[in-house]
Amino acid sequence: QKASIIQAAFLIGWALGGGFFGRVADLIGRSRALVLTILTYALFTGLSFFSQEWWHLLVFRFLAALGIGGEWAVGASLLSETWPKKWRPWIAATLQSAVNCGILLACLAGALLKGHPPQWIFLVGVLPAFITLWIRHAVPETEEWTEARKDQRPPKIRELFGPGVRSVTWRVMLICAVSLTAHWTFMFWQQSYIRSLAEVGASKVAKDQATVMALLWIMVGSLIGNFVAGGLAKLMGYGRAIALMLGGYFVVMWFTFSNVHSLPVTYGLFAVIGLMQGCFGLFTMCLPPLFPVLLRSTGAGFCYNIGRILSAAGVVFFGIFNKVQGDFAGVLLMASWLFIPAAVFALLLPEHDDSERAELL
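For the sequence shown, position 337 (counting from the first letter as 1) is numbered 336 according to this note's numbering, and the numbering increases by one without interruption.
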């Protein structure tokens with residue numbers, strides 16, 4: 000129960016950080032805001048090492064998540080304003096793959112620190128702070144933001160819901176909210192599901208090994224899925240590609256958890272689920288250009304990360320449901336249905352104009 004509350008706080012911090020630092024990036028520029036986000040999550044991840052009570056960890060994880068959510072909002076806008084359009088699906092895939100590689104490196108760090116107390120892993124999170132020294136000198140401000148800031152006053156946040164923008168804002172919010180709720184429910188509870196399988200065995204070592212293998216297969220599938228998503232975006236556009244993969248996420252989750260499979264088959268299905276997660280990589284290049292330049296980081300960060308708040312509520316809700324029912328598969332089946340409305344709303348996203356579609360191809 001405490002673990003799900005800490006996870007919920009982390010997701011809420013991620014959401015608030017996306018909105019807050021997104022706004023900061025629209026006001027002071029992408030490069031400087033990116034430095035602030037990295038320093039924020041590096042500092043508070045490191046401070047998590049000193050947690051003595053569970054609520055200490057909750058506070059530090061919440062504060063670290065502010066920087067993590069902000070980094071996505073700022074980085075997505077920076078990349079969408081600097082890279083050529085025809086390369087953007089592949090850049091999105093590469094960026095998302097870096098996330099997967101980071102998770103794998105975290106697993107490796109955990110293995111290397113196996114003989115130490117668990118909190119030592121948080122000290123590894125301080126290392127990204129050194130990247131800011133390079134960013135400050137090597138990453139210039141984007142021309143698009145510089146020109147817009149020169150010619151226009153900074154718009155108010157409420158203009159996200161003003162004429163000409165609110166329709167996009169609501170659609171993007173709905174897609175992110177329902178898809179991320181389902182996604183994070185899977186990512187949080189899949190380990191518990193694996194541990195509950197009779198084939199895994201009763202020993203802690205066997206259960207730990209099985210959960211590591213499950214995560215490894217998810218990450219491998221996701222690495223492939225990121226580039227599958229990029230290819231689909233070039234063929235059919237961002238909205239249709241996202242819709243197709245969200246629909247696939249639902250189908251594979253339903254097949255996986257509607258019956259008990261052998262452990263090797265379950266690992267294979269988890270890899271396919273990971274492949275479908277490649278759709279989230281497309282959000283990086285799809286969402287920011289839907290908003291005006293001086294609302295770009297605010298809009299993308301707010302809409303993408305508002306889903307974290309609902310997904311946090313979802314993690315807690317499904318945790319309570321599981322405590323009452325004791326059915327991990329049932330929890331994951333319930334969550335999978337949320338991908339259906341997400342896929343429908345993705346089809347309603349504005350597509351890029353004809354000139355950009357031509358450049359993508």
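Glycine included, each C-beta is placed from N, C-alpha and C at the ideal position.
All values reported here derive from a predicted model rather than from experimental measurement.
Reduced DSSP category for residue i - H, G, I as helix; E, B as strand; rest coil
i    : result
V271 : helix
G366 : Shown here, the chain extends from 0 to 360; a query on residue 366 therefore has no answer.
E143 : helix
E198 : helix
F445 : One cannot answer for residue 445 here, as it falls past the ends of the chain, which runs 0 to 360.
T44  : helix
V362 : The requested residue 362 does not occur in the structure, where the chain is confined to residues 0 to 360.
H136 : helix
E70  : helix
L112 : coil
R356 : No answer about R356 holds up, because its pLDDT of 43 lies below 50 and its placement is not dependable.
H55  : helix
L243 : helix
G16  : helix
L348 : coil
P153 : coil
S257 : coil
L107 : helix
Q276 : coil
T297 : helix
S76  : helix
W82  : coil
W336 : coil
E162 : One detail in the question is off: residue 162 reads as Pro in this sequence, not Glu. P162: coil per DSSP, three-state reduction.
G28  : coil
G124 : coil
S221 : helix
S50  : coil
V207 : Residue 207 is actually Asp in this sequence, not Val. In this structure, D207 counts as helix in the three-state DSSP scheme.
Outcome for residue i when other beta-carbon atoms lying within 10 angstroms are tallied against a minimum of 16
i    : result
F338 : buried
H136 : exposed
S261 : exposed
W53  : exposed
I217 : buried
L107 : exposed
E70  : buried
Q376 : Limits of the chain in this structure are 0 at one end and 360 at the other, which puts residue 376 out of reach.
D353 : Caution applies to D353, whose pLDDT of 36 falls short of 50 and renders its modelled position unreliable; the value that the coordinates give is listed next. D353 comes out exposed.
S221 : buried
C100 : exposed
F129 : exposed
A14  : buried
V199 : buried
A201 : exposed
F49  : exposed
I133 : Per the sequence shown, residue 133 should be read as Trp rather than Ile. Exposed, because fewer than 16 other Cβ atoms sit within 10 Å of the Cβ of W133.
V227 : buried
F187 : buried
R29  : buried
S47  : buried
P349 : exposed
Through-space distance from residue j to residue i, alpha-carbon basis
i    : j    : result
A357 : F43  : Low per-residue confidence applies at A357: pLDDT is 42, beneath 50, and the placement is therefore not dependable enough to give any value.
G329 : T93  : 34 angstroms
C285 : V204 : 42 angstroms
R239 : C278 : 10 angstroms
G246 : D150 : 42 angstroms
S3   : G273 : 22 angstroms
L359 : R22  : Confidence is the limiting factor: at L359 the pLDDT is only 46, short of 50, which leaves the residue's position unreliable, though a coordinate-based value still follows. Cα-Cα distance, rounded: 29 angstroms.
V292 : E143 : 7 angstroms
G45  : F121 : 5 angstroms
I102 : G109 : 10 angstroms
V315 : A7   : 7 angstroms
A97  : F160 : 33 angstroms
K206 : R194 : 5 angstroms
A270 : G163 : 40 angstroms
P287 : A299 : 5 angstroms
L231 : M244 : 9 angstroms
K85  : G236 : 12 angstroms
V251 : V259 : 13 angstroms
G267 : V219 : 10 angstroms
Whole-number beta carbon distance between residue j and residue i, since they are thought to touch under 8 angstroms
i    : j    : result
G12  : F61  : 4 angstroms
S335 : F249 : 5 angstroms
T168 : C302 : 6 angstroms
D25  : L294 : 6 angstroms
Y192 : L331 : 6 angstroms
T36  : V73  : 6 angstroms
G229 : W89  : 5 angstroms
L347 : R170 : 6 angstroms
Heavy atom of the ligand COA within 7 angstroms of residue i beta-carbon
i  : result
K1 : Looking at this structure, you won't find the ligand COA or any other ligand, since it has none at all.
Legend entry - the stretch 244-261 in contact with the stretch 105-118 per 3-pair CB rule at 8 angstroms: no
Inset, instruction - State whether the stretch 72-88 contacts the stretch 200-215, with contact taken as three or more CB pairs (one from each stretch) at a distance under 8 angstroms. - result: At 8 angstroms Cβ cutoff, the stretches do not touch.
Legend entry - Sufficient close CB pairs (3 or more, under 8 angstroms) joining the stretch 341-348 to the stretch 170-185: yes
Inset, instruction - Report yes or no: do three or more beta-carbon pairs, one from the stretch 33-49 and one from the stretch 117-132, lie closer than 8 angstroms? - result: yes
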